[in-house]
Amino acid sequence: MKNYRGIKQIIKGIPASDGDGVQLSRVIGTSQLSHIDPFLLLDAFGSDKPQDYIGGFPSHPHRGFETVTYMLAGKMRHKDSAGNEDVIEAGGVQWMTAGSGIIHSEMPEQKDGLLAGFQLWVNLPAAHKMDEPRYQEYAKEQISIETRGESCTIFVIAGETKNGTKGVIENEFVSPVYWDIYLKAGAHLTEKIPPNHNAFIYLYEGNISIEKDNQNDESTTIKAIDKGELAILDNGEVLSIVANADSRFLLIAGRPLNEPIERAGPFVMNTKEEIQQAFDDYRLGLLAV
946 MKNYRGIKQI IKGIPASDGD GVQLSRVIGT SQLSHIDPFL LLDAFGSDKP QDYIGGFPSH
1006 PHRGFETVTY MLAGKMRHKD SAGNEDVIEA GGVQWMTAGS GIIHSEMPEQ KDGLLAGFQL
1066 WVNLPAAHKM DEPRYQEYAK EQISIETRGE SCTIFVIAGE TKNGTKGVIE NEFVSPVYWD
1126 IYLKAGAHLT EKIPPNHNAF IYLYEGNISI EKDNQNDEST TIKAIDKGEL AILDNGEVLS
1186 IVANADSRFL LIAGRPLNEP IERAGPFVMN TKEEIQQAFD DYRLGLLAV
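Just add 945 to the spot in the sequence shown (first one is 1) and you have my numbering.
If you want it as structure tokens, here you go:
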């Protein structure tokens, strides 16, 4: 018997400012939704007004988790204390494992036009929080794409679809699913997600409905998601989605770590003592190696 995922809760993003005045919508990492284990933060940014993004994200430290930057439009230049420097362009993704610590900046590589994308924070298990920093970075042309006729396109960044399309990101810690999905109005998508993964959908264009079969009474529960909303999904294996309009959304899932979370600014550890050590190491310049 198939176990369909329904919607547990719908959350609307909160307007926020980060970095040097970058305007964004904070969807995860707020007082109303602190995290969805193993995901710690989700920011959605998008504006064609330079004053909303031109300040970018100047140099700042991270320790204890991973940052995922996925660009929809525009360019963002990454530079870090280890000497790495590159530009993330539209359709590209950077999955950075901060691990034991790194100082980096992400600055817009443009002075006008549309800049849009997402940043996701993914927690690391305690045993790997002090791993060496590393990067996985892929351009749009390198992202795995699955098409189902003219009505559905799935950009598979991480995880594997039921048809066998595998994402480019390797992650043994939480076995993540990270898909950017386009559904044409009227299209129906049925997919499988690891049943014990925590999962959510963030809709950034259009309107979709999630269908859940109720096995006991053979009826179907349908809930709609509007643009700018995040839907936390129930546990289960099968996800059934109908597009009520041309729609695009992120489908993200991961194996929960079920570990204590202590966070302060750019650091996420398991204890308050580890957080204090991170601040001490930053002041001593030990994150810039």
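Built from N, CA and C at the ideal position, the CB exists for glycine as well.
Distance from the CA of Pro1139 to the CA of Gly1181, rounded to the nearest whole angstrom, comes to 8 Å. If you look at Glu1219, you'll find it in the alpha helix (DSSP H) that goes Lys1217 to Arg1228.
DSSP places Pro1003 within a strand segment (E or B) once states are collapsed to three. Shown here for Ile952: same chain residues with a beta carbon closer than 6 Å to its own, the five before and five after excluded, namely Ile1155, Lys1168 and Ala1176 in chain order.
Bridge pairing for Tyr949: Val1183 [DSSP]. Ala1132 is positioned such that its CB atom lies no closer than 8 Å to that of Ile1114.
Taking the Cβ atoms as the reference, Glu1174 lies roughly 14 Å from Ile981, outside the contact range of under 8 Å. The beta-bridge partner set that DSSP reports for Met1016 consists of Gly1062. Bounds of the beta strand (DSSP E) holding Val972 are Val967 to Ile973.
Gln996 is classed as exposed because its beta carbon has fewer than 16 other beta carbons within 10 Å across all chains shown.
When beta bridges are read from the DSSP output, Leu1202 appears opposite no residue. Beta bridge pairing from DSSP links Pro960 with Ser970.
If you look at Leu1178, you'll find it in the beta strand (DSSP E) that goes Glu1174 to Leu1178. Under the three-state reduction of DSSP, Lys1107 is assigned to coil, being neither helix nor strand. Under the Cβ criterion (8 Å, minimum of three pairs), the region 1191-1210 does not count as touching the region 961-969. When Leu1178, Ile1170, Pro1053 and Thr1166 are compared, the shortest CA-CA separation from Gly1151 is found for Ile1170. Inter-residue distance for Thr1092 and Asp1191 is about 15 Å (C-alpha atoms, whole angstroms).
Gln1222 and Ile1090 have their C-alpha atoms spaced approximately 42 Å apart. The DSSP assignment places 1079-1083, 1089-1093 and 1097-1103 as complete runs of the beta strand (DSSP E) inside the region 1065-1109, in order along the chain (cut-off: 3 residues). Judged by DSSP secondary structure, Val1038 falls within the beta strand (DSSP E) whose first and last residues are Val1038 to Thr1042. Annotated as proximal: Glu1054 and Lys1020, with beta-carbon spacing under 8 Å.
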